[in-house]
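This report concerns only the one structure given below.
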Amino acid sequence: MRVLVTGAAGSIGRVVTLGLCARGHEVVGLDLVPEPEGFTGDWHTVDCADPDAVTAVFEAERLDAVVHLAGHPGEASLPTSLTSHVVTTAALLDAMVAHRVTRIVYASSNHAVGLTPRRELRDGAPLTADVRPRPDTFYGVAKVAAEALLSLHVDKHGIDAVACRIGSFLDEPTTRRALSTWLSPDDCVRMVEAALTAPAPGYAVIYGISANTRAWWDLEPGRALGYEPLDDAEAFADDIPDRPEDEDEGAHVGGPYALRDVQRPALGD
Ligand SMILES: NC(=O)c1ccc[n+]([C@@H]2O[C@H](COP(=O)([O-])OP(=O)(O)OC[C@H]3O[C@@H](n4cnc5c(N)ncnc54)[C@H](O)[C@@H]3O)[C@@H](O)[C@H]2O)c1
1118 MRVLVTGAAG SIGRVVTLGL CARGHEVVGL DLVPEPEGFT GDWHTVDCAD PDAVTAVFEA
1178 ERLDAVVHLA GHPGEASLPT SLTSHVVTTA ALLDAMVAHR VTRIVYASSN HAVGLTPRRE
1238 LRDGAPLTAD VRPRPDTFYG VAKVAAEALL SLHVDKHGID AVACRIGSFL DEPTTRRALS
1298 TWLSPDDCVR MVEAALTAPA PGYAVIYGIS ANTRAWWDLE PGRALGYEPL DDAEAFADDI
1358 PDRPEDEDEG AHVGGPYALR DVQRPALGD
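Positions in the sequence shown are counted from 1; adding 1117 to them yields the working numbering.
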């Protein structure tokens, strides 16, 4: 497949780009910043929120699919978050419809459901993908809105869209929470490839975590698309020290983002 990877210079983007190339796919990179050293494919230094710039990329390239990772992975004002996650997704979807590109894999986030209290996970059962959105921040609100935009385009334009609610993408888990939320680099590549190649998923939401013994999220929606994670954060459990903040961070699935002191006005600085 010839795949446009947005945010290709970022921490997930660099891993996904290398991983997809190693699995025989061709990657076209897009980012606000120039290509990382060693990247040899086509590259577009472009703001994904600029629809004319995104259209020019689709006019210049033959593409089979899009992996949309570009965006600021943290809290910001509501307008900034909407531009970073929703407007960028809209610019890509418009270009996909116009150029008949029919598959998008989207980096959504666990923060779309982050204010779900852990005590509501019945008998320790992981959170399913069909629960009501419960964002913990404006970042989470923007991810929910981006998922809704994908759903609209699946229904109106017949594209296939897989929203991957990523947990904690890290080389290794470093906190108690991450024992539940970790997504290893290798599993991340497995997840993205499965989401790219699953036959006709329509609109699907999956949780982007490894096969963690203490998982808070349901892996079955991902498995239904062929995502078979192989890593488990439990292998690191003995090396992770207890911290005073662990209990508060474990109260909601969004962890630190769900804490009361992570709040700001929706508008303005
Ligand atoms: N890292 C995680 O654990 C995690 C968890 C959940 C969701 N996500 C999501 O995954 C995606 C990638 O996250 P990351 O950790 O690699 O972040 P990152 O900050 O390392 O990388 C993001 C990349 O996107 C680029 N970018 C940002 N806005 C852009 C724009 N408008 N146009 C073009 N490029 C733009 C940045 O330059 C950067 O290279 C984000 O959408 C993030 O919200 C990440």
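Backbone N, C-alpha and C fix where the C-beta goes; we use that ideal spot for every residue, glycine too.
Collapsing the DSSP output to three states places residue 1242 in coil. Straight across, the Cα-Cα distance linking residue 1382 with residue 1151 is about 33 Å. Assignment of alpha helix (DSSP H) within the segment 1246-1333, counting only whole runs of 4 or more residues, yields 1255-1274, 1295-1298, 1302-1314 in chain order. Assigned with DSSP and collapsed to three states, residue 1141 falls in coil, not helix or strand. In the three-state scheme derived from DSSP, where H, G and I count as helix and E and B as strand, residue 1234 is classed as strand. For residue 1377, there is no enclosing beta strand (DSSP E), since its DSSP letter is neither H nor E. Contact check for residue 1289 against residue 1353 passes: the beta carbons are separated by less than 8 Å. By the Cβ criterion, the segment 1192-1201 is not in contact with the segment 1128-1135, since fewer than three pairs of Cβ atoms, one from each stretch, lie closer than 8 Å.
With 16 or more other Cβ atoms inside 10 Å of its own Cβ, residue 1266 counts as buried. The shortest C-alpha to C-alpha distance from residue 1306 to any of 1319, 1281, 1322 is the one to 1281. CA-CA distance, residue 1147 to residue 1375, rounds to 31 Å. Between the segment 1364-1372 and the segment 1231-1247, the count of C-beta pairs closer than 8 Å reaches three or more; the two stretches touch. Residue burial annotation: residue 1310 is buried, with at least 16 other C-beta atoms found within 10 angstroms of its C-beta. For residue 1251, the closest of 1328, 1228, 1118 by C-alpha to C-alpha distance is 1228.
Residue 1340 has its alpha-carbon roughly 21 Å from the corresponding atom of residue 1239. Here the alpha carbons of residue 1236 and residue 1209 stand approximately 38 Å from one another. Here residue 1357 is actually not in contact with residue 1344; their C-beta atoms are around 25 Å apart, not less than 8 Å. Taking the Cα positions, residue 1379 is about 11 Å away from residue 1191. Residue 1155 sits exposed, since fewer than 16 C-beta atoms from the chains shown fall within 10 Å of its C-beta.
When distances are taken from the beta-carbon of residue 1328 to the heavy atoms of ligand 1, even the shortest one reaches 7 Å or more.
Counting along the chain, the unbroken beta strand (DSSP E) around residue 1123 starts and ends at 1119-1123. A direct Cα-to-Cα measurement between residue 1145 and residue 1121 gives close to 5 Å. Looking at 1332, 1342, 1184, the one whose alpha-carbon comes closest to that of residue 1348 is 1332.
By the 16-neighbour rule on beta-carbons within 10 angstroms, residue 1242 is exposed.
Between the alpha carbons of residue 1179 and residue 1359 lies a gap of roughly 50 Å. Taking residue 1328 as the centre and dropping the five residues before and after it, the same chain places the C-beta of 1346, 1349 closer than 6 Å to its C-beta, in chain order. In this model, residue 1313 and residue 1221 are separated by some 7 Å (Cα to Cα).
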